[in-house]
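Trainee:
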């Protein structure tokens, strides 16, 4: 990827998804002067290759949560490039050099960048997101057309996290950490088969994946129009939940959606 894509140009930084492991994305953000940040490096080699190919200098690492497919390469990168590692206050992330928490700010000089830290528990209890520079770095909390599994948190916690995300500016680029969009889209269409925006997004994803292109980032406004986990109060999602015996309140609707997605096959 030698030229910045249209999605890269929406942020003051170039925003590049680096494929890693089976279906992860490591996010590489860099400025025009060659200074870079990486987010959730589950392995080091894709980052090393991208830095070399683009002639970039790594200046910082941001981590969203403790799972190994998000932090597995961070120690090697920290030691190789002598850079700070920002992470939630979780003892399971022993490689961190800077602990951050909800409401805090990460300010970087090179590249010049400022991110607000948002607690988004649900997938894990200490999960955080970083918001700034036109991007939402949300780890495994929000996926395009989906959301993360609840490994540690409750439906109430995850729905609250998603509602916090939903209140952010719609032009943010959602930089999630997995290429799950095609499968998520099939489930989303089973919930909202008549959602025209969703159909358009699913068709777009099919074209991107057929050309071996990432399906992300997508704008938050697109997710608000298409992602059932952000739409628990929409009439079409409420109707689906009613048919599945869970229409009474938003948490019950979210829990029904998440449980159905956990076993969905199509």
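Numbering (our numbering), first residue to last: 19 to 284.
All C-beta atoms, glycine included, are put in the ideal place defined by N, C-alpha and C.
Is the Cβ-Cβ distance between residue 142 and residue 83 less than 7 Å?
Mentor: yes
Trainee: Looking only at its own chain, which residues have a Cβ that is under 8 Å from the Cβ of residue 190, when we skip the five neighbours before and after it?
Mentor: 149, 152, 153, 154, 237, 238
Trainee: Compare the C-beta of residue 36 with all C-beta atoms of chain B and state if any pair is closer than 7 Å.
Mentor: The displayed structure is made up of one protein chain only, and chain B is not part of it.
Trainee: For residue 160, which beta-bridge partners are listed by DSSP?
Mentor: 165
Trainee: Do the CB positions of residue 139 and residue 181 come within less than 7 Å of each other?
Mentor: no
Trainee: Taking all protein chains shown into account, decide if residue 280 is buried (16 or more other Cβ within 10 angstroms of its Cβ) or exposed.
Mentor: exposed
Trainee: Measuring alpha carbon to alpha carbon, tell me which residue in 126, 78, 123 is nearest residue 96.
Mentor: In terms of Cα proximity to residue 96, the closest of 126, 78, 123 is 78.
Trainee: Kindly identify the DSSP beta-bridge partner or partners of residue 153.
Mentor: 150, 191
Trainee: Measuring alpha carbon to alpha carbon, tell me which residue in 109, 46, 124 is nearest residue 66.
Mentor: 46
Trainee: Touching or not, the stretch 124-138 and the stretch 194-208, by the rule of three or more beta carbon pairs under 8 Å?
Mentor: no
Trainee: Given a threshold of 16 other Cβ atoms within 10 Å of its Cβ, counted over all protein chains shown, does residue 257 qualify as buried or as exposed?
Mentor: exposed
Trainee: Please classify residue 31: does DSSP put it in a helix, a strand, or coil?
Mentor: coil
Trainee: Taking a contact to mean a Cβ-Cβ separation below 7 Å, would you say residue 106 touches residue 116 in this structure?
Mentor: No, these two residues do not count as a Cβ contact at 7 Å.
Trainee: Distance check for residue 250 and residue 278, CA to CA, integer angstroms please.
Mentor: 14 Å
Trainee: What distance in whole Å lies between the Cβ atoms of residue 118 and residue 104, which are believed to be in contact at a cut-off of 8 Å?
Mentor: With 8 Å as the limit, residue 104 and residue 118 qualify as a contact, their Cβ atoms being about 5 Å apart.
Trainee: Taking 7 Å as the cut-off, decide whether the C-beta atoms of residue 183 and residue 163 are in contact.
Mentor: no
Trainee: Which two residues bound the contiguous alpha helix (DSSP H) that contains residue 99?
Mentor: 92-99
Trainee: In the DSSP assignment, what residue or residues form a beta bridge with residue 42?
Mentor: Note: residue 42 sits in a beta bridge opposite 38, 196.
Trainee: Alpha carbon to alpha carbon, how far is residue 227 from residue 246?
Mentor: 21 Å
Trainee: Checking the sheet assignment: what are the DSSP bridge partners for residue 75?
Mentor: 53
Trainee: Would you give the residue range spanned by the alpha helix (DSSP H) that residue 226 belongs to?
Mentor: 214-228
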